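A.B. asks: In this note's numbering, the protein residues as written are -18 to 495. Beta carbons: idealized from backbone N, C-alpha and C, even for Gly. All figures in this text were calculated on a predicted structure; none of them were measured in a lab. One structure coming up, written as structure tokens, with questions to follow.
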């Protein structure tokens, strides 16, 4: 495989990065199984990666912080958290006592923040060394929270791309920039979404002009207003989340996440003529199919929210059209596709967007997935902390949001109102009321976040990705398989994905009790 030289990666579900290594022969797996949580397994020689964790609450480090002071906390985090993850167990078994030396020979983590210019690297000599030695940049840094506050999502998902591009433009030996986006920047329309670029000045629905600089100014003005009015941090957070949802809807996107990711793509597209930029758009990323072992996942998102809470009996109703073709892709397939792009993407071609998913190559309907999930929990029911066994019923899906709200009124809202009228005179009454209210609030909140994805009639064309895979040598097809056509979905969900998701859920519940 014609793998290349040193790479530079930004990753994790924050504005900073985590780990990338040149171990394609040993490992092809992500750092997280959500749409933007992939740990790039990078080719030959070393990788330079960011490792810091300061963007989750929307607060970003100021430029010029001393990177060396931060580096020790990054090394500690890498050694005692990242390297201890189950994903590295196969490599630990292979290299035994040499695992640490093998790892650190491949990875050089840096403290940095993509929401800042120059990634916040205050050491000019270090920044210059990185620019000289970097051949490939893999940009994965993102916040994947669908209900993220607007200022945070803009800083990471949009401006993070701009700062990466500015940095890339100064790399003297640059061969490729791989931007990891999401197929769902193209969600709201029906039909087949092609592998085409998004352009600034055009809203997704065509109803209004979109100017990214104006969005930044709008966000700044709203923040100034809140500060001027002495708003609490809680009010600021709530208001910025609400604004994110409103701005996304105004311009035709489903939520702040896909909206700000789309704007990041637009900025990348504008520089495509002067930089070797390639964009990969994975669909909903699920647990690993094969590597480093089947079912690895770190974080439950998208369809996993329904799977886990259906299995636990807390999500009894959901807006879903069972005829909808859901688009999913295992995490190791995504990483392998990234490796194929890095190794085989033709230089100078006009095609620079690759979509990777299942809806065209190996479609599965939500009805089929739900029946497999019902079968799994019927055979292997969830057992609660107190030993109570949850017996699931057939999934109760509603084909429209209107029918969903009607059902919620009948099964939750009206009974809750009736209980209040009669009075909550006993502890048992209050317990029943609070339990039902929490279940109602949770179900509505989840439904309102995910309905655009579960009732969607969208499929994502992957013909360019299929064409690229046709260029891969037979040896590399075996080494880094990324053809989703060979996956048996019923078997994958029954034997791999649902067990992996529930194992993660169990570990999280155990951790929460400690």
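Below 8 Å on the Cβ atoms is my guess for residue 377 versus residue 468; work out the distance and round it to an integer in Å.
C.D. replies: Here residue 377 is taken as the residue at index 396 of the chain shown, counted from 1. Here residue 468 is taken as the residue at index 487 of the chain shown, counted from 1. Not confirmed; about 28 Å, so no contact.
A.B. asks: With residue 65 as the anchor, note down where its beta strand (DSSP E) starts and where it stops.
C.D. replies: Along the chain shown, one-based indexing puts residue 65 at 84. Where residue 65 is concerned, there is no enclosing beta strand (DSSP E), given that its DSSP letter is neither H nor E.
A.B. asks: Between 422, 272, 215 and 167, which lies nearest to residue 312 when the distance is taken from Cα to Cα?
C.D. replies: For this step, residue 312 is matched to residue 331 along the chain shown. Closest option to residue 312, Cα to Cα, is 272.
A.B. asks: Check each candidate in 425, 131, 140 and 208 and name the one with the smallest Cα separation from residue 122.
C.D. replies: Counted from its first residue, the chain shown places residue 122 at position 141. Nearest C-alpha to residue 122: 140.
A.B. asks: For residue 253, which three-state DSSP category applies?
C.D. replies: In the chain shown, counting from the first residue as 1, residue 253 sits at position 272. Residue state, collapsed to three classes: coil.
A.B. asks: Where do the N-terminal and C-terminal ends of the beta strand (DSSP E) with residue 512 fall, by residue?
C.D. replies: An answer regarding residue 512 cannot be provided, because it is not within the stretch -18 to 495 covered by the chain.
A.B. asks: Would you mind giving the Cβ-Cβ distance between residue 237 and residue 165, rounded to the nearest angstrom? I have them listed as a contact below 8 Å.
C.D. replies: Counted from its first residue, the chain shown places residue 237 at position 256. Counted from its first residue, the chain shown places residue 165 at position 184. The Cβ separation is near 12 Å, so there is no contact.
A.B. asks: Only counting the same chain, and skipping five residues up and downstream in sequence, which positions put a Cβ closer than 7 Å to that of residue 353?
C.D. replies: On the chain shown, residue 353 is found 372 positions in, with the first residue counted as 1. Taken in chain order, the residues that qualify are 471, 474 and 475.
A.B. asks: In terms of DSSP beta bridges, what is residue 262 paired with?
C.D. replies: Sequence index remark: in the chain shown, residue 262 carries index 281 (1-based). Paired residues: 336.
A.B. asks: When we look at the beta-carbon of residue 243 and count the other beta-carbons within 10 Å, is it buried (16 or more) or exposed?
C.D. replies: Looking up residue 243 in the chain shown gives position 262. Per the 10 Å Cβ criterion, buried.
A.B. asks: Strictly by DSSP, which residues pair up with residue 133?
C.D. replies: Residue 133 sits at position 152 when you count from the first residue of the chain shown. Residue 133 pairs with nothing; no bridge assigned.
A.B. asks: On a Cα-Cα basis, can you pick out the residue from 147, 118 and 56 that is closest to residue 161?
C.D. replies: Residue 161 sits at position 180 when you count from the first residue of the chain shown. Selected option, being the one with the closest Cα: 118.
A.B. asks: With distances taken Cα to Cα, identify the nearest neighbour of residue 299 among 331, 116, 369 and 426.
C.D. replies: In the chain shown, counting from the first residue as 1, residue 299 sits at position 318. When each option's Cα is compared against that of residue 299, the closest is 426.
A.B. asks: Looking only at DSSP bridge pairs, what is residue 307 linked to?
C.D. replies: Taking the chain shown and counting its residues from 1, one reaches residue 307 at position 326. In DSSP, residue 307 forms a bridge with 345.
A.B. asks: Classify residue 422: buried if its beta carbon has 16 or more other beta carbons within 10 angstroms, exposed otherwise.
C.D. replies: For the purposes of this step, residue 422 is identified with residue 441 of the chain shown, where counting begins at 1. By the neighbour-count rule (16 or more Cβ atoms within 10 Å), residue 422 is not buried but exposed.
A.B. asks: Any contact of the stretch 253 to 268 with the stretch 220 to 227, i.e. 3+ C-beta pairs under 8 Å?
C.D. replies: Contact between the stretch 253 to 268 and the stretch 220 to 227 is absent, because fewer than three Cβ pairs lie under 8 Å.
A.B. asks: Give me whichever residues DSSP pairs with residue 299 in a beta bridge.
C.D. replies: Working through the chain shown from its first residue, we reach residue 299 at position 318. According to DSSP, which records beta bridges pairwise, residue 299 is partnered with 378.
A.B. asks: Just to confirm my understanding: we take residue 363, look at its own chain, exclude 5 residues before and 5 after, and list those with CB closer than 6 Å. What are they?
C.D. replies: Counting from one through the chain shown, the residue named residue 363 turns up at place 382. Excluding residues within five positions, the ones whose Cβ falls inside 6 Å are 292, 293 and 371.
A.B. asks: Kindly give me the distance between the Cβ atoms of residue 262 and residue 163, rounded to whole angstroms, as I take these residues to be in contact under 8 Å.
C.D. replies: Start at 1 with the first residue of the chain shown, and residue 262 comes out as number 281. Start at 1 with the first residue of the chain shown, and residue 163 comes out as number 182. At roughly 6 Å, the Cβ-Cβ gap stays under 8 Å, so residue 262 and residue 163 are in contact.
A.B. asks: Excluding five sequence neighbours on each side, which residues of the same chain lie with their C-beta closer than 7 Å to the C-beta of residue 464?
C.D. replies: As a first step, residue 464 must be located in the chain shown, where it is residue number 483. Cβ neighbours of residue 464 beyond the five flanking positions: 450.
A.B. asks: Give me, in chain order, the residues of the same chain whose beta-carbon lies closer than 7 Å to that of residue 287; leave out the 5 immediate sequence neighbours on both sides.
C.D. replies: Taking the first residue of the chain shown as position 1, residue 287 is located at position 306. If we look at residue 287 and ignore the five residues flanking it on each side, its Cβ neighbours are 296 and 299.
A.B. asks: Assuming residue 385 contacts residue 373 (C-beta within less than 8 Å), just tell me the rounded distance between them.
C.D. replies: Taking the first residue of the chain shown as position 1, residue 385 is located at position 404. Taking the first residue of the chain shown as position 1, residue 373 is located at position 392. 19 Å between Cβ atoms; not a contact.
A.B. asks: Tell me the DSSP secondary structure of residue 454 in three-state form.
C.D. replies: Counting from 1 along the chain shown, the entry for residue 454 is found at position 473. Looking at residue 454 - three-state DSSP - the assignment turns out to be coil, as it is neither helix nor strand.
A.B. asks: Let's test the definition: count the other Cβ atoms within 10 Å of the Cβ of residue 304 and tell me whether it reaches 16, buried, or not, exposed.
C.D. replies: By 1-based counting over the chain shown, the position of residue 304 is 323. Exposed.
A.B. asks: If you drop the 5 nearest sequence neighbours on each side, which residues of the same chain put their C-beta closer than 6 Å to that of residue 477?
C.D. replies: Within the chain shown, residue 477 is the residue found at index 496, counting from 1. So the list reads 275 and 276, once near-sequence residues are dropped.
A.B. asks: For the stretch 390 to 470, which segments carrying the beta strand (DSSP E) assignment without a break, of at least 3 residues, lie completely within its bounds, in sequence order?
C.D. replies: Fully enclosed beta strand (DSSP E) runs of 3 or longer: 439 to 441.
A.B. asks: So what does DSSP say about residue 115, is it helix, strand or coil?
C.D. replies: In the chain shown, counting from the first residue as 1, residue 115 sits at position 134. Coil, per DSSP.
A.B. asks: Counting along the chain, where does the beta strand (DSSP E) carrying residue 91 start and finish?
C.D. replies: Numbered from its first residue, the chain shown carries residue 91 at position 110. Per DSSP, residue 91 belongs to the beta strand (DSSP E) from 88 to 91.
A.B. asks: By how many angstroms is the C-alpha of residue 325 removed from the C-alpha of residue 339?
C.D. replies: Start at 1 with the first residue of the chain shown, and residue 339 comes out as number 358. Start at 1 with the first residue of the chain shown, and residue 325 comes out as number 344. Answer to the nearest angstrom: the Cα atoms are 21 Å apart.
A.B. asks: Residue 153 by DSSP, collapsed to three states: which one?
C.D. replies: Translated into the one-based positions of the chain shown, residue 153 becomes position 172. Here residue 153 sits in coil by DSSP.
A.B. asks: With 16 other CB atoms within 10 Å as the buried threshold, where does residue 434 fall?
C.D. replies: In the chain shown, residue 434 corresponds to position 453, counting from 1. Buried, because 16 or more other Cβ atoms sit within 10 Å of the Cβ of residue 434.
A.B. asks: Within 10 Å of its beta-carbon, does residue 173 have 16 or more other beta-carbons around it, so buried, or fewer, so exposed?
C.D. replies: Locating residue 173 in the chain shown gives position 192, where the first residue counts as 1. Counting Cβ neighbours within 10 Å, residue 173 comes out exposed, since fewer than 16 surround it.
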